[in-house]
Amino acid sequence: MKSSRTFEIIFLNYALTIFQSEAIILPYGERVGDSILGNGDDEVSEVLRLKEPLFFYDAQYYDLYIATNGIIFLQPPPRESGYVDRAFPLGFPAIAPFLADIDTSGGRGSVYYRTEESVDILNHVAGLILRSFSNVHFMPKQAVITTWDKVGRHLEFPFLPESSDKMNTFQAVLASDSQDSYALLLYPPEGLQFLGTMPKTSHSPGVELLARAGFSGWQSSTSEERSFPLPVQSVRSLDQEGNAGVRGLWLFQIGSSSAFEDILSPGPGPSLPPAQPRARSLPPPGSALGQVPPSPRLSPGPGPSLPPAQPRARAGHREPAADTVASVVADLVDDFSILPPVSPGPLSACGRILHLCSQDGYCTDHPTGPCCRCRSGYYGNGRRCLPQGVPQRLNGKVSGKLTLDGTEVLLKGVDLHGYAVVADGRVHVSVSPIPEKVGWALMTVSPLIGLFGWLFSQELQDYKNGFHLTGGEWTHQARVTFHPGKQNLTVTQEAQGLGPPHPAWVETLLQGELPLIPAGATVQLEPHKETYQYNHSVATSSSLRDFSVVSDNRGFEKLSYFLRQDVMYKGCAHRSLPDTQFQQLNTERLLVMYNKETQSLMYSISNTVGPVGGGLPDPDWVNPCSAGAHYCEPMSICVPGTGTDYYCQCASGYRGDGRSCYDVDECSEGLDSCGLHSQCVNLQGSHHCVCNAGFEFDPDWRTCVDIDECYLKQCHPLASCSNSEGSFHCQCWPGYHGDGLLCGQSVIAQRLAVVPEPVRRPLSLCEQLRASLQGEGPGAWGGQAFLPQCDQDGQYLPLQCHGLTGQCWCVDSRGQQRAGTRADPGSPPVSCVTEAPPPPAPPLGNVADSMCERWRRDLEEQYGGQASPQDYIPQCAPQGHFLPVQCYGDSTFCWCVDPDGREVLGTRSRHVVKPACLPTVPSQAPQPLVHPGVVSQPPRPAVVFSQGHQITAVPLDGHRPVWRKAVLLLTLKDAIVVGMDYDCKENQLYWSDVASQTISRVTLEAGAQPESFIHSGVSRPEGLAVCVRSRRLFWVDSGSLRIEVASLAGGDSAVLINSDLSNPRAIVVDSTSGTLFWTDWNRDGPRIESCSVSGQNRRLLVQQGVTLLTGLTLDLQTKHVCWADAGSMKVECIAPDGSERREIYRCPDDYPFSIVLHGDILYYTDWERDGVVMVDKGESNQTDQYLPLRRSHLYGITVVTSQCPSGQR
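Position 77 of the sequence shown, counting from 1, maps to 77 under the working numbering, and the rest follow consecutively.
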């Protein structure tokens, strides 16, 4: 064996010396010790542990994962649908020699991999690198060699021409020494017989996606996502070109232990002779959507002169802008090539019904007829398709006649709101207002939302949830018989319009009798299993369910009910029934509660669907993704790992780090699939295409073709018609007069002019697009999309604004956005007129007429339009209101103002640090999808902080935060959350909102809804504190200059302190001693004071050596009071009697706002970096920080504990 291998190495070096024009891959296979990846469509290896780190950009990796699809992951990989069709960057670190949908099932090739440390191989790899990179000293200590040997592409669609004889062979070698890493991508002669595969997430079936090659990673020093894709022209010729003087060899330096900015290519090398053309499976000429010039940044560096690629004709070509930023996006468009039709004969059955399929679906012909299906990345019945992983809103009305204890209660049009976190199988629903008389009893009616759990249940193995069968149209009838009272109840539900961009709309009718449930009781519904049986149009189930009623006085009663359900839907009879006609729905969690104050009935349910006979998982071993106990945000997917490990990945159509995900505007970023004569309309997580005026979709529902208005007889009978692309022209016959739409002889025409018949001109492009979005015509689909604004002649208004986001921009006569004109809400866009512009119309919201803007204009006129740096000019926000901090010119003389621009007394400062002024108007941030509620089960213990209208939690491992598991708890409409504190006895979070002038609270349970606790009599509530022992809440009001208190059980508030307050900000309470402490950051005399919880014994605690007091907290270990001073930039502590004052941390570059201590760890929100800073109190040094993806000021911060601290119980 050894001699055989030595011969191979000698031959390899000899061959490369003699035949340098073509690459020969390194030895591979079982005989050289390779591991073999299992055969299949989406196989991934076990973790491959490295002895030496692989340097990728400026980070180090010790773990690799080899995948079937021509890619090597440097972290646990996502699902195949999350990357296989994506363009670079991929959103995770990976090396892709040939990223495509590869399938090794049925003996179609193998994937081999190993870690190599032999001197022969390492010397050979070093020789290739040193020959190509000048002034480099490199001797690898290890090499990872991965070989894809004669692998085939995945064949999914029945109309794809058979290509199983096309196989590819290629290899990736990753070599590292102690400082640098290099990648060798090798493509042997005749190694690539196909260049693309059918996409799994494409908008067009029958469209082939070109493979991608390159690198995607992160610049750890800047947290910036980086990528280096090979240009499209290079990917088409991977085995015919190269960048290292050898055809089929691509060499790159991919990382270093020192500063490393981007992937590096070799320098100039020798020219290569032209390659001889070879037959391969290429997308047919003339079928791609566009040709994109290579980006200078993305092309391999100056390398050997290679034969140029021959240009190919492009059908329907639209030339993209040749800038480097757009080229990556455009490359994705260029990767699609239309396959020829199956047959040129008459229209197939699919062609006749394709217009009934979703834009996100396609049609397949079966022996007995056609059926619609959703394309990859979407799910549904084909007529309605939803993007995978994207939460869905649920809306509707509940009505009915119910009998309770002999009394009839009528419900008329009660609101139902909720949402489904599809990736986890979780559904949260709120129904209100429900009268208290039936509210407690309705807690027993879980079938009210049970069907939502089935529709959006998490899918196990190959089993499908209810939405896969029903799509957006179904009728549900449930018959419930309660025991032992034998009350009978019927629940009838009908759903319409469930599919983007429409939220679900469900009408519910309740009829029958309910069991009597005592007021104040709780209902505990046990986890259960239920079997569903399916045919083409009906799903049925029946089950016996137990539940327990625990009364307010702790009385306990066990009841049950028998449930029979039928779900009727429109299935496709031509599609064969699945083998799994019986499936089991597992309800793993079902919570219900009734709130009599808000008259709200709230449900939370978690479901999975799988094989019959499967048991409910052991809660101690279940993966957090299945249990819904993870920290991924609603727009992301929880990807399970080994055991209880998992990671978060933004859903398709969203971008972010998994903790914070934002919608990708495919339209503005050029990622849409819309072709010629169409316009793109962005949706949450997706987009749709709408044909321009004069065009309509052809039978394949993908291409916009001209409408022949002459065939439709749009002209007058006495006129001739000539059709043109996108339009038509009517002309009256000789001897007749008119515009062609209306013709007559001269006398008739005069009469018609006196009493003209109403003639409706054809809709313009702008009007047709607007009508289709508003649901006014054929093909309308409505939704919260952008509605174009048209003038009286039907032309686009020059200024267009999005009614949902508030953004505005200028357009040309075709409605296309003019580059560089998009502006955020309220800010005036670039003038939309190019010649002799009239005074521009004010932007939306009358910003120009706001008090701040009027005052600003008046003062500018007084200064003659030339204000000096010492002059005061009001600083206005884009929305027109006053910014909270106002300053004289560019000086440090600043102060705070109220919403009307009036100075807040005691805030003037000439300090280099500006005063800590709070905003009064909420930011123009995206509003929550549904009525706000706790998104997922919050972790305990955890650090909780506010960011304007959002509240986020970060779980603690001991005292150390797990930043990567940060979870968004609440998104509140038009809020500025400033102060926060936690009631550890009732597991409730309290917060103050200076925008709505309220104090609110919420129980930290999944699906819980916030309630207003104090909603009158407050002006500007800031800091607040919960006294757990006395069950009271204290807060400071900087508007009314008071400190107030209220019982946590409810009731009126009382004033404790209303004198000698200037700018009270933070407040804490020591429950053990019954003492209050608060800060007053009056710039003329900042101080910290204290008093008893009854308002007595007020005393001055700190006055000397403080400048700008912002945050305040208690050290429960020492019983000391600690504060943050943004002026002196330090954190100090002091004993309650004024002794033992000490500095625990100095933060010269920060602006601490709110602080909290948990054990020996201090956390504070920092306005300088807009993040959370972590400090070790004992060692007085910063140990960590967290910077949210969305950058804006953070305010309050507190700790949610797993139990009440000693002394507060």
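We put the CB at the ideal spot given by N, CA and C, even for glycine. Predicted, not measured: the structure shown is a model, and the values here were computed from it.
> What separation, rounded to the nearest whole angstrom, lies between the Cα atoms of leucine 90 and cysteine 1147?
Replying inline: Translated into positions along the sequence shown, residue 90 becomes position 90. Translated into positions along the sequence shown, residue 1147 becomes position 1147. Going from the Cα of leucine 90 to the Cα of cysteine 1147 covers about 37 angstroms.
> Can you tell me where the beta strand (DSSP E) with lysine 51 in it begins and where it stops?
Replying inline: By one-based count along the sequence shown, residue 51 stands at place 51. First-last of the beta strand (DSSP E) with lysine 51: 48–56.
> Based on the DSSP secondary-structure assignment, which residues constitute the bridge partners of serine 181?
Replying inline: The residue given as residue 181 occupies position 181 in the sequence shown. For serine 181, DSSP records a beta bridge to Ser176, Gly255.
>> So, does the region 1173–1180 touch the region 1145–1164, judging by three or more C-beta pairs under 8 angstroms?
In response: yes
>> Going by DSSP in three states, isoleucine 145 sits in which element: helix, strand or coil?
In response: The residue given as residue 145 occupies position 145 in the sequence shown. Three-state DSSP puts isoleucine 145 in a strand.
>> Going by C-alpha to C-alpha distance, which of Glu1143, Gly726, Pro899 sits closest to serine 996?
In response: Counted from its first residue, the sequence shown places residue 996 at position 996. That would be Pro899, whose Cα lies nearest to the Cα of serine 996.
> How about the region 24–36 and the region 138–155: do they share at least three Cβ pairs that are nearer than 8 angstroms?
Replying inline: Result yes; three or more Cβ-Cβ pairs closer than 8 angstroms.
> Can you tell me where the beta strand (DSSP E) with lysine 914 in it begins and where it stops?
Replying inline: Locating residue 914 in the sequence shown gives position 914, where the first residue counts as 1. No beta strand (DSSP E) holds lysine 914; DSSP gives it neither H nor E.
> How would you label methionine 980, buried or exposed, when you count the other beta carbons within 10 angstroms and need 16 or more for buried?
Replying inline: As a first step, residue 980 is located in the sequence shown; it is residue number 980 there, counting from the start. With 16 or more other Cβ atoms within 10 Å, it is buried.
>> 8 angstroms is my cut-off, CB to CB: does histidine 366 come that close to chain D?
In response: Protein chain content of the structure displayed is limited to a single chain, and chain D is not contained in it.
> With threonine 1201 and proline 941 assumed to form a contact (beta carbons below 8 angstroms), what rounded beta-carbon distance in angstroms separates them?
Replying inline: For the purposes of this step, residue 1201 is taken as the residue at position 1201 of the sequence shown. For the purposes of this step, residue 941 is taken as the residue at position 941 of the sequence shown. Yes, they are in contact, since the Cβ atoms of threonine 1201 and proline 941 sit about 5 angstroms apart, within 8 angstroms.
> leucine 585 lies in the beta strand (DSSP E); which residues open and close that run?
Replying inline: Within the sequence shown, the letter at position 585 stands for residue 585. Run containing leucine 585: 582–595, per the beta strand (DSSP E) assignment.
>> With distance defined between alpha-carbon atoms, name the residue in Tyr187, Ser891, Ser132 nearest to glycine 245.
In response: Taking the first residue of the sequence shown as position 1, residue 245 is located at position 245. Ranking the options by Cα distance to glycine 245, first place goes to Ser132.
> Roughly how many angstroms separate the alpha carbons of alanine 953 and leucine 356, rounded to a whole number?
Replying inline: Your numbering for residue 953 matches position 953 in the sequence shown. Your numbering for residue 356 matches position 356 in the sequence shown. Answer to the nearest angstrom: the Cα atoms are 44 angstroms apart.
> Hey, how far is the Cα of threonine 1003 from the Cα of valine 1172?
Replying inline: Your numbering for residue 1003 matches position 1003 in the sequence shown. Your numbering for residue 1172 matches position 1172 in the sequence shown. Spanning the alpha carbons of threonine 1003 and valine 1172 requires a straight line of approximately 24 angstroms.
> Going by DSSP, what residues sit across from valine 414 in a beta bridge?
Replying inline: As a position in the sequence shown, residue 414 is number 414, starting the count at 1. Beta-bridge pairing links valine 414 to Val398.
>> If you follow the beta strand (DSSP E) that cysteine 689 is in, where does it begin and where does it stop?
In response: Translated into the one-based positions of the sequence shown, residue 689 becomes position 689. Note, cysteine 689: beta strand (DSSP E), 686–691.
> Should histidine 137 go down as buried or exposed, given a rule of 16 or more other Cβ atoms within 10 Å for buried?
Replying inline: Here the question's residue 137 lines up with position 137 in the sequence shown. Histidine 137 is exposed by the Cβ-count criterion.
>> alanine 175 and glycine 70 - do their beta-carbons sit closer together than 8 angstroms?
In response: Stepping through the sequence shown from its first residue, residue 70 is reached at position 70. Stepping through the sequence shown from its first residue, residue 175 is reached at position 175. No, these two residues do not count as a Cβ contact at 8 angstroms.
> When the Cβ atoms of the region 541–549 are set against those of the region 424–437, are three or more pairs found closer than 8 angstroms?
Replying inline: They do not touch, by the three-pair rule.
> In terms of residues, what are the limits of the beta strand (DSSP E) holding cysteine 887?
Replying inline: As a working note, residue 887 is residue 887 in the sequence shown. Counting along the chain, the beta strand (DSSP E) containing cysteine 887 begins and ends at 885–887.
> Distance, Cα to Cα, cysteine 371 vs histidine 528?
Replying inline: Residue numbering aside, residue 371 sits at position 371 when the sequence shown is read from its first letter. Residue numbering aside, residue 528 sits at position 528 when the sequence shown is read from its first letter. Roughly 34 angstroms separates the two Cα atoms.
>> Less than 6 angstroms between C-beta atoms, sequence neighbours within five positions excluded: which residues of the same chain meet that for proline 76?
In response: The residue given as residue 76 occupies position 76 in the sequence shown. Closer than 6 angstroms at the Cβ level, and outside the excluded window around proline 76, lie Gly641.
> Anyone know if the C-beta pair for alanine 420 and proline 447 falls short of 8 angstroms?
Replying inline: As a first step, residue 420 must be located in the sequence shown, where it is residue number 420. As a first step, residue 447 must be located in the sequence shown, where it is residue number 447. No; because the gap between Cβ atoms is not below 8 angstroms, this pair is not in contact.
> To which residues does DSSP link valine 967 through a beta bridge?
Replying inline: For the purposes of this step, residue 967 is identified with residue 967 of the sequence shown, where counting begins at 1. Paired residue(s): Ala953.
> What separation, rounded to the nearest whole angstrom, lies between the Cα atoms of glutamine 524 and cysteine 801?
Replying inline: By 1-based counting over the sequence shown, the position of residue 524 is 524. By 1-based counting over the sequence shown, the position of residue 801 is 801. About 49 angstroms.
> Taking three-plus beta-carbon pairs below 8 angstroms as touching, is the region 473–492 in contact with the region 578–598?
Replying inline: no
> In three-state DSSP terms, what is proline 1205?
Replying inline: For this step, residue 1205 is matched to residue 1205 along the sequence shown. The answer is coil: DSSP assigns proline 1205 none of H, G, I, E or B.
>> Looking only at its chain, what residues have a beta carbon closer than 7 angstroms to the beta carbon of tyrosine 187, apart from the 5 residues adjacent to it on each side?
In response: Position 187 of the sequence shown, counted from the first residue, corresponds to residue 187. Excluding residues within five positions, the ones whose Cβ falls inside 7 angstroms are Ala23, Phe170, Leu238, Asp239, Gly248.
> Can you name, in chain order, every residue of its own chain whose Cβ lies under 8 angstroms from the Cβ of valine 913, other than the five neighbours on each side?
Replying inline: Taking the sequence shown and counting its residues from 1, the one referred to as residue 913 is at position 913. Closer than 8 angstroms at Cβ, skipping near neighbours: Thr1107, Leu1108, Ala1126, Gly1127, Met1129, Tyr1151.
> Whose CA, out of Ser1154, Ile1155, Lys1119, lies closest to the CA of arginine 1141?
Replying inline: Your numbering for residue 1141 matches position 1141 in the sequence shown. Selected option, being the one with the closest Cα: Lys1119.
> What are the partner residues of arginine 1087, as DSSP defines its beta bridges?
Replying inline: Within the sequence shown, numbered from 1, the residue matching residue 1087 stands at position 1087. Secondary-structure assignment with DSSP links arginine 1087 through a beta bridge to Asp1080.
> Does the Cβ of valine 235 have 16 or more other Cβ atoms within 10 Å, making it buried, or fewer, making it exposed?
Replying inline: As a working note, residue 235 is residue 235 in the sequence shown. Classification of valine 235: buried, given that the 10 Å Cβ count is 16 or more.
> Can you name the residues that DSSP bridges to tryptophan 895?
Replying inline: Here residue 895 corresponds to residue number 895 of the sequence shown, with the count starting at 1. Gln886, per the DSSP bridge assignment.
> Whole beta strand (DSSP E) runs in the region 1143–1167 with 3 or more residues, listed along the chain?
Replying inline: Complete beta strand (DSSP E) runs here, min 3: 1152–1158, 1161–1166.
>> Beta-carbon within less than 6 angstroms of tyrosine 982's beta-carbon, same chain only, minus the 5 sequence neighbours each way: which residues are those?
In response: The sequence position of residue 982 within the sequence shown is 982, counting from 1. If we look at tyrosine 982 and ignore the five residues flanking it on each side, its Cβ neighbours are Leu989, Thr1198, Val1200.
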